[in-house]
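Engineer: First the structure, then my questions, so here it is.
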Amino acid sequence: MADLKEFAEQLVNLTVKEVNELADILKEEYGIEPAAAAVAVAAGPGGGGEAAEEKSEFDVILKAAGGSKLAVVKLVKELTGLGLKEAKGIVDSAPAPVKEGVSKDEAEGLKKSLEEAGAEVELK
225 MADLKEFAEQ LVNLTVKEVN ELADILKEEY GIEPAAAAVA VAAGPGGGGE AAEEKSEFDV
285 ILKAAGGSKL AVVKLVKELT GLGLKEAKGI VDSAPAPVKE GVSKDEAEGL KKSLEEAGAE
345 VELK
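Just so we're aligned, residue 225 is where the sequence shown starts under this note's numbering, counting upward by one.
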């Protein structure tokens with residue numbers, strides 16, 4: 225049981241780059257699609273958070289693409305594991321959720337990355 229807690233802790237503390245690398249490994253070596261892996265990783269930490277008073281799950285909302293729409297589309301594609309068409313759809317339909325139910329650290333990391341690409345982002 226302690227090993228599973230430790231493993232869950234490691235998953236929760238992964239950076240965006242590490243999550244992308246994990247998704248690639250899961251796809252190439254085990255045939256698991258990255259979008260399914262992202263859902264599994266996002267669903268993992270939510271199980272024990274009900275007792276905490278502080279909000280433990282956040283939604284990353286893209287409010288506007290900003291001046292460099294192409295860079296934002298590419299970044300959304302990379303961060304979500306979606307195809308180019310789906311990522312473009314999210315950016316075109318802003319305000320739209322990029323990821324939902326993620327940890328505070330992951331949400332802040334996503335927000336920072338998207339803002340660096342020129343997008344307007346909100347956490348809920």
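Just so it is clear, CB atoms sit at the ideal spot from N, CA and C, and this is done for glycine as well. Note that the structure is a prediction, hence the values are computed from the model and not measured.
What residue does the beta strand (DSSP E) around residue 295 start on, and which one ends it?
Structural biologist: The residue you call residue 295 lines up with position 71 of the sequence shown. Looking at the DSSP string, residue 295 is not in any beta strand (DSSP E); the run it does join, the alpha helix (DSSP H), is 293–304.
Engineer: CA-CA distance, residue 240 and residue 308?
Structural biologist: Working through the sequence shown from its first residue, we reach residue 240 at position 16. Working through the sequence shown from its first residue, we reach residue 308 at position 84. Going by the C-alpha atoms only, they are around 18 Å apart.
Engineer: Let me check one thing: in DSSP terms, what residues is residue 282 bridge-paired to?
Structural biologist: By one-based count along the sequence shown, residue 282 stands at place 58. Beta-bridge pairing links residue 282 to 326.
Engineer: Quick one: what does DSSP say residue 287 is sitting in, helix, strand or coil?
Structural biologist: The residue labelled residue 287 in the question sits at position 63 within the sequence shown. The answer is strand: DSSP assigns residue 287 an E or B state.
Engineer: Rounding to the nearest angstrom, what Cα-Cα distance links residue 262 and residue 292 in this structure?
Structural biologist: The residue labelled residue 262 in the question sits at position 38 within the sequence shown. The residue labelled residue 292 in the question sits at position 68 within the sequence shown. Bear in mind that the predicted position of residue 262 carries a pLDDT of just 49, short of 50, making it too unreliable to give a figure here.
Engineer: For residue 206, does the count of other Cβ atoms within 10 angstroms reach 16, so buried, or fall short, so exposed?
Structural biologist: The requested residue 206 does not occur in the structure, where the chain is confined to residues 225 to 348.
Engineer: Among the candidates 325, 326, 335, 329, whose CA atom is the shortest distance from the CA of residue 288?
Structural biologist: Counting from one through the sequence shown, the residue named residue 288 turns up at place 64. Closest option to residue 288, Cα to Cα, is 335.
Engineer: Taking DSSP as the reference, what is the three-state secondary structure of residue 233?
Structural biologist: Walking along the sequence shown from the start, residue 233 turns up at place 9. Helix, per DSSP.
Engineer: By the three-class DSSP mapping on this structure, what secondary structure does residue 343 have?
Structural biologist: To locate residue 343, count along the sequence shown from 1; it is residue 119. If DSSP states are grouped into helix, strand and coil, residue 343 belongs with coil.
Engineer: What are the partner residues of residue 247, as DSSP defines its beta bridges?
Structural biologist: Your numbering for residue 247 matches position 23 in the sequence shown. BP columns for residue 247 are empty, so no partner.
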